[in-house]
Amino acid sequence: MLIGVPKEVKDHEARVGVVPAGVKALMDAGHKVIVETKAGELSSMTDNEYKQAGAEIVGSAAEVWKRADMVVKVKEPIAQEIPYFRDGLVLFTYLHLAPIPDLTEQLLKNKVIGIAYETVTDRNGTLPLLTPMSEVAGRMSVQVGASYLEHERGGRGVLLGGVPGVPPAKVVIIGGGVVGINAAKIALGMGADVAIIDINLNRLRELDDIFNGHLRTLASNSYTIAKAAAEADLLIGGVLIPGASAPKLVTREMVKNMKKGAVIVDVAIDQGGCIETARPTTHSNPAYIEYGVVHYCVTNMPGAVPHTSTLALTNATFPYVMKLANQGPMAAIKSDSGIREGVNTFKGSLTYSAVAQSQNKPWRNVAELV
Ligand SMILES: NC(=O)c1ccc[n+]([C@@H]2O[C@H](COP(=O)([O-])OP(=O)(O)OC[C@H]3O[C@@H](n4cnc5c(N)ncnc54)[C@H](O)[C@@H]3O)[C@@H](O)[C@H]2O)c1
12 MLIGVPKEVK DHEARVGVVP AGVKALMDAG HKVIVETKAG ELSSMTDNEY
62 KQAGAEIVGS AAEVWKRADM VVKVKEPIAQ EIPYFRDGLV LFTYLHLAPI
112 PDLTEQLLKN KVIGIAYETV TDRNGTLPLL TPMSEVAGRM SVQVGASYLE
162 HERGGRGVLL GGVPGVPPAK VVIIGGGVVG INAAKIALGM GADVAIIDIN
212 LNRLRELDDI FNGHLRTLAS NSYTIAKAAA EADLLIGGVL IPGASAPKLV
262 TREMVKNMKK GAVIVDVAID QGGCIETARP TTHSNPAYIE YGVVHYCVTN
312 MPGAVPHTST LALTNATFPY VMKLANQGPM AAIKSDSGIR EGVNTFKGSL
362 TYSAVAQSQN KPWRNVAELV
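Each residue of the sequence shown is one higher than the last, beginning at 12 in the numbering used here.
Structure below.
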């Protein structure tokens, strides 16, 4: 199979769909890879490294899209990429189609086989291609929170770990899933006093076991959240209700009662945020202050660390790339129920029910089409 890797064109997107190690593995398996020049540059992966791994470097995105049997990307295509769609092209990337009817329409009209990272499932029914970005964002949340707690960045001037004789900062994490556990690891590692709040008691049991009592686990309710928020130096939002907007668990009143100079990092902002005063921000202007509390609400936090994020993402996506290449898309879709779940558009049919529902469109089960 000829696999194409274009350079990402979405604003502030510095990741790349396949790394040089992936190119080498694909070449070893008898496939060919074409990479647009400078595709990996912002992730610190040079054309030369791709070339040494066996890729052919081409000068334009148009050439990659035109020649490749399968295009492997990171973000959903934007307007300038849509003219490259064509019948039978396999596109493997994040698609997030539900809120983008135009893109859905174009994929259908051009009969593209669109396989979305975000809906591929593993044997446990979880979403393996979302997990790595939550790991990155969870770990980053403490790093950025610690930085905004510094006086000169608007924070109350608290060192996360304290020092002997001075207590550490209090970190409160709402949501003990992938983001939450990764935030907790880093916060504990930096010596903070950590509490984690979740609605799932079994998850709290697991966290208590994993951290061996080094953090406090709290059952989620508005009373507990209000109390914890008022005490927090750093409040991290990592709640998710799959498929739904995040619930506003921290109200405006609770934020008003927080310490002046405390910091909020609402990681769940990509789902609307779980803190009422949070609104989406970008890497160019990541934080603002409301009620004296610093708010950091960047919707694509992993974009700040593209080298790590690219490697983390491609570690997870690559086995699927290899399977699609080795077996061919039809056989891979037939044999792997996880890949099948990832197929959102198939040769003119919409094949993912949640996208169809949100756009009020008909859909077909891909199993009946392959
Ligand atoms: N901003 C970014 O750049 C970025 C990056 C990655 C992930 N995210 C987002 O972070 C959020 C969390 O992702 P995740 O992978 O950790 O999800 P997850 O499913 O692993 O964890 C979510 C947790 O929230 C808990 N929860 C649900 N309702 C709750 C409530 N009422 N009170 C307390 N806890 C509750 C669940 O029990 C679960 O443990 C998602 O919205 C995800 O999209 C954002």
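Quick reminder that beta carbons are idealized off the backbone N, C-alpha and C, glycines included.
**Message:** By the DSSP assignment, the beta strand (DSSP E) with Glu-67 in it spans what residues?
**Reply:** Segment 67 to 69, the beta strand (DSSP E) holding Glu-67.
**Prompt:** Which word fits Pro-384, buried or exposed, when buried means at least 16 other C-beta atoms lie within 10 angstroms of its C-beta?
**Reply:** Because the chain is modelled from 12 through 381, residue 384 falls outside the range shown and cannot be assessed.
**Local conformation of Thr-11 per DSSP, three classes** = Nothing about residue 11 can be reported from this structure: the residues present for the chain run from 12 to 381 only.
**Request:** Pull up the distance between the alpha-carbon of Val-278 and that of Gly-284, whole angstroms please.
**Result:** 7 Å
**Message:** Spatial neighbours of Gly-173 within its chain, please: C-beta separation below 6 Å, excluding the five flanking residues on both sides.
**Reply:** Pro-179
**Request:** Compute the Euclidean distance between the alpha carbons of Val-274 and Lys-181, then round it to the nearest angstrom.
**Result:** 11 Å
**Message:** When you compare the CB positions of Asn-355 and Gly-125, do they come within less than 9 Å of one another, or not?
**Reply:** Taking 9 Å as the Cβ cut-off, Asn-355 and Gly-125 qualify as a contacting pair.
**Request:** Count the CB pairs spanning the region 260 to 267 and the region 294 to 307 that are closer than 8 Å, and state whether there are at least three.
**Result:** With the rule of 3 Cβ pairs closer than 8 Å, the region 260 to 267 counts as touching the region 294 to 307.
**Prompt:** Alpha carbon to alpha carbon, what distance is there between Pro-291 and Ala-323?
**Reply:** 24 Å
**Request:** Please name the residue in Leu-199, Gly-188, Asp-204 and Ile-197 whose C-alpha comes closest to that of Leu-212.
**Result:** Gly-188
**Request:** Using only alpha-carbon positions, find the residue among Ser-360, Glu-352, Leu-380 and Thr-328 that is nearest to Gly-33.
**Result:** Thr-328
**Message:** Considering only the alpha carbon of each residue, which of Ser-360, Val-190, Leu-215 and Leu-226 lies closest to Val-250?
**Reply:** Val-190
**Asked** Cβ of Pro-340 within 8 Å of any heavy atom in ligand 1?
**Response** Relative to ligand 1, even the nearest heavy atom lies 8 Å or more away from the CB of Pro-340.
**Prompt:** When the Cα atoms are used, what is the spatial distance from Lys-271 to Asn-296?
**Reply:** Roughly 21 Å separates the two Cα atoms.
**Asked** By Cβ distance, which residues of its chain are closer than 7 Å to Ala-73, with the 5 residues on each side in sequence left out?
**Response** Tyr-95
**Asked** Just curious, the alpha helix (DSSP H) that Lys-345 is in, first and last residue?
**Response** 340 to 346 is the span of the alpha helix (DSSP H), which, as asked, contains Lys-345.
**Prompt:** Does the Cβ-Cβ distance between Glu-379 and Thr-132 come in under 9 Å?
**Reply:** no
**Message:** Could you compute how far the alpha carbon of Asp-58 sits from the alpha carbon of Lys-49?
**Reply:** If you draw a straight line from the Cα of Asp-58 to the Cα of Lys-49, it comes to about 6 Å.
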